[in-house]
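Listed below in structure tokens is the structure:
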């Protein structure tokens, strides 16, 4: 998961926890979208096929996430600007000024799903949801530093047991299916494991 781990036990634990977190989050997303348990098994088999085909060498330990999470690809501006980026996609702490826009997105008829329907529709209620609960952390998803596209975050954050439920939503339909959600997910993982240093 991390490049050049060597025998560093801390980095190995970070790698194991990230793998568990990715798996758990992916499973919950499949369930939230109504995927049957038998189809989840089929998805697992398909993932294995893709892993083998993409690597070209089954013994190659460099995975997709290894390459993406290298420091040279993630621009970490968290200490100075509270922002991290991969290319044109970045995340930063969610701010109240974006709540009305999120409400507009959530009310659109094509934005209904098991996951999205859990969020309040009113501005005041959504503000309370995002900013008054102690066990969740949400980030804005940006494109080219300025265009607000959606949000990503973790709920039921338990740092002691290193567990979190991840949710993401690209509200601007013009920017869906372009890999933005995937990059935002990787940035969220980077924040969770590298910046917060959950081990």
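In the numbering used here, the protein residues as written are 1255 to 1453.
Every residue, glycine too, gets a C-beta built ideally from N, C-alpha and C.
Since the structure is predicted, the reported quantities are computational estimates derived from the model, not experimental observations.
- Contact annotation: the stretch 1422-1439 does not touch the stretch 1384-1391, with fewer than three C-beta pairs closer than 8 Å.
- Separation of residue 1355 and residue 1278 (C-alpha to C-alpha, rounded to the nearest whole angstrom) is 29 Å.
- Distance from the Cα of residue 1401 is smallest, within the candidate group 1282, 1275 and 1342, for 1342.
- Taking all protein chains shown into account, residue 1344 has 16 or more neighbouring C-beta atoms within 10 Å of its C-beta and is therefore buried.
- With fewer than 16 other beta carbons inside 10 angstroms of its own, residue 1375 counts as exposed.
- If you check the CB distance, residue 1346 and residue 1393 come in under 8 Å.
- Comparing alpha-carbon positions, the option among 1419, 1273 and 1437 lying closest to residue 1396 turns out to be 1437.
- Taking the C-beta atoms as reference points, residue 1440 is found nearer than 8 Å to residue 1340.
- Distance from residue 1357 to residue 1380 at the Cβ level is roughly 6 Å; contact confirmed, criterion being Cβ atoms closer than 8 Å.
- If you check the CB distance, residue 1421 and residue 1407 come in under 8 Å.
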